[in-house]
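**Student:** Provided herewith is a single structure, encoded as structure tokens, for subsequent inquiry.
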Amino acid sequence: MLFEELKQRRTIRKYTGEDIPEKLLNELIETACRVSTTGNMQLYSVIITRDKEMKEKLAPAHFNQPTVTSAPVVLTFCADFNRFIKWCDWRDAQQGYDNFQSFFTAAIDALIFAQQFCTVAELAGLGICYLGTTTYNAPQIIETLQLPKYVIPVTTITVGYPSEIPEQVERLPLEAIIHQEKYKDYTREDIDRLYRDKENLAANLKFIKENNKKTLAQVFTDVRYKKEDNEYFSEVFLKIIKEQGFRF
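This is how it looks when you write it as structure tokens:
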């Protein structure tokens with residue numbers, strides 16, 4: 015069944031040398047465009063990067079993750095109000111989209127579009143890897159891809175034919191994310207129960223030891239996503255959003 019196939023999905027970071035035909039890639043993108051979008055405005059764009067030199071220019075913005083230069087295709091998904099604002103301006107329509115609400119609306123559109131692309135790409139036999147580094151170094155990406163005013167990169171996806179199928183990473187139990195009718199806050203006992211399996215996985219126990227930490231949570235707070243890094247990249251991203259034309 016389709017559900018079972020989707021439940022078996024994995025993030026793919028290593029690819030074969032086989033290229034993705036332009037016809038197939040365009041068909042996948044066209045299919046993804048059928049996803050829901052705010053007011054049917056389609057406030058997104060995607061930059062396709064195949065050129066080796068361009069991928070090498072993008073790599074530092076993604077902390078030189080090998081998947082950026084080894085993937086046959088790198089896709090940068092952007093929140094894009096540029097196109098819609100130009101349409102309004104050139105049709106004598108007074109627009110007011112240079113604000114936070116508009117940016118956030120476009121970001122939602124772009125992320126839904128990106129996820130739909132990932133789903134159809136995987137169903138077509140391709141592998142994808144989502145890069146969360148896009149918003150960290152948005153200024154470099156904007157410069158490299160020559161993104162105009164009102165266009166902000168929000169996520170990057172590498173895509174190609176898998177060269178290996180890695181083990182599936184863990185997920186929290188369904189109980190952890192479902193709330194019936196109203197939000198039911200978590201007790202200490204709830205957190206202990208819901209995170210127990212995750213904390214006791216051999217791979218995560220090894221991760222704790224390698225990083226000289228006492229708990230898995232400390233790996234996240236002290237190593238992977240540190241407070242000072244979050245605050246720094248927040249300032250960088252907010253600044254570039256404003257520089258790209260959105261007023262907060």
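Quick note: the sequence shown uses this note's numbering, first residue 15, plus one each step.
The beta carbon of each residue, even a glycine, is placed where N, CA and C say it ideally should be.
1) Under the rule that 16 or more other beta-carbon atoms within 10 Å means buried, what is L219, buried or exposed?
2) Flag this pair as yes or no: are the beta carbons of T158 and K71 separated by less than 8 Å?
3) If I follow the unbroken beta strand (DSSP E) through F91, where does it start and stop?
4) Is F234 closer than 8 Å to F114 when the C-beta atoms are compared?
5) Helix, strand or coil for Y58 per DSSP?
6) Return the first residue and the last residue of the alpha helix (DSSP H) that T45 is part of.
7) Determine the direct distance from the alpha carbon of K227 to that of L208, and round the result to whole angstroms.
8) Tell me the residue span of the beta strand (DSSP E) that contains I179.
9) Are the CB atoms of F260 and Y150 within a distance shorter than 8 Å?
10) Quick check on this structure: which residue in E203, M68, V60 and T25 has the alpha carbon closest to the alpha carbon of L140?
11) Just to confirm my understanding: we take Q108, look at its own chain, exclude 5 residues before and 5 after, and list those with CB closer than 8 Å. What are they?
12) For Q130, collect the residues of the same chain with a Cβ closer than 6 Å to its Cβ; drop the 5 residues on either side in sequence, then sort them by chain order.
13) For I142, report the span of its beta strand (DSSP E) as first-last.
14) May I have the straight-line CA-CA distance separating D236 from Y164, to the nearest angstrom?
15) Measuring only the C-alpha atoms, how far is E32 from N54?
16) Let me see if you follow: with CB-CB separation under 8 Å, is R24 close to chain B or not?
17) Taking just the CA atoms, how far does V168 sit from A120?
18) Beta-carbon within less than 7 Å of A190's beta-carbon, same chain only, minus the 5 sequence neighbours each way: which residues are those?
19) Mapping DSSP to helix, strand and coil, what is Y111?
20) Just to confirm the assignment, what range does the alpha helix (DSSP H) spanning S248 have?
21) Distance, Cα to Cα, T147 vs V60?
22) Kindly give me the distance between the Cβ atoms of I142 and T170, rounded to whole angstroms, as I take these residues to be in contact under 8 Å.
23) Please state whether DSSP places R261 in a helix, a strand or coil.
**Tutor:** According to the structure shown:
1) Numbered from 1 along the sequence shown, position 205 holds the residue referred to as residue 219. Exposed, by the Cβ-count rule.
2) Indexing the sequence shown from 1 puts residue 158 at position 144. Indexing the sequence shown from 1 puts residue 71 at position 57. Yes.
3) Taking the sequence shown and counting its residues from 1, the one referred to as residue 91 is at position 77. Unbroken beta strand (DSSP E) run through F91: V87 to D94.
4) Position 100 of the sequence shown holds residue 114. Position 220 of the sequence shown holds residue 234. No, the pair does not count as a contact, with Cβ atoms beyond the cut-off.
5) Residue mapping note: residue 58 aligns to position 44 of the sequence shown, counting from 1. In this structure, Y58 counts as strand in the three-state DSSP scheme.
6) The sequence position of residue 45 within the sequence shown is 31, counting from 1. Note, T45: alpha helix (DSSP H), E36 to A46.
7) Start at 1 with the first residue of the sequence shown, and residue 208 comes out as number 194. Start at 1 with the first residue of the sequence shown, and residue 227 comes out as number 213. Using only the alpha carbons, I get a separation of about 21 Å.
8) By 1-based counting over the sequence shown, the position of residue 179 is 165. Segment: none, I179 is in no beta strand (DSSP E) and carries neither H nor E.
9) Within the sequence shown, the letter at position 136 stands for residue 150. Within the sequence shown, the letter at position 246 stands for residue 260. Taking 8 Å as the Cβ cut-off, Y150 and F260 do not qualify as a contacting pair.
10) Taking the first residue of the sequence shown as position 1, residue 140 is located at position 126. Of the listed residues, the one whose Cα sits closest to L140 is T25.
11) The residue you call residue 108 lines up with position 94 of the sequence shown. Here the set comprises C102.
12) Here residue 130 refers to the residue found at position 116 of the sequence shown. These residues qualify, in order along the chain: A46 and V49.
13) Taking the sequence shown and counting its residues from 1, the one referred to as residue 142 is at position 128. Run containing I142: G141 to L145, per the beta strand (DSSP E) assignment.
14) Counted from its first residue, the sequence shown places residue 236 at position 222. Counted from its first residue, the sequence shown places residue 164 at position 150. Distance between the alpha carbons of D236 and Y164: 35 Å.
15) Here residue 32 refers to the residue found at position 18 of the sequence shown. Here residue 54 refers to the residue found at position 40 of the sequence shown. Taking the straight line from one Cα to the other gives about 35 Å.
16) Of the protein chains in this structure there is only one, and it is not chain B.
17) Residue mapping note: residue 120 aligns to position 106 of the sequence shown, counting from 1. Residue mapping note: residue 168 aligns to position 154 of the sequence shown, counting from 1. The straight-line gap from Cα to Cα measures roughly 10 Å.
18) As a working mapping, residue 190 is identified with position 176 in the sequence shown. The answer, listed in chain order, is L208.
19) Working through the sequence shown from its first residue, we reach residue 111 at position 97. Y111: coil per DSSP, three-state reduction.
20) For the purposes of this step, residue 248 is taken as the residue at position 234 of the sequence shown. Looking at the DSSP string, the run of the alpha helix (DSSP H) that includes S248 is K241 to E257.
21) One-based indexing of the sequence shown puts residue 147 at position 133. One-based indexing of the sequence shown puts residue 60 at position 46. Approximately 16 Å between the Cα atoms of the pair.
22) As a first step, residue 142 is located in the sequence shown; it is residue number 128 there, counting from the start. As a first step, residue 170 is located in the sequence shown; it is residue number 156 there, counting from the start. So it is not a contact: roughly 11 Å between Cβ atoms.
23) For the purposes of this step, residue 261 is taken as the residue at position 247 of the sequence shown. Three-state DSSP puts R261 in a strand.
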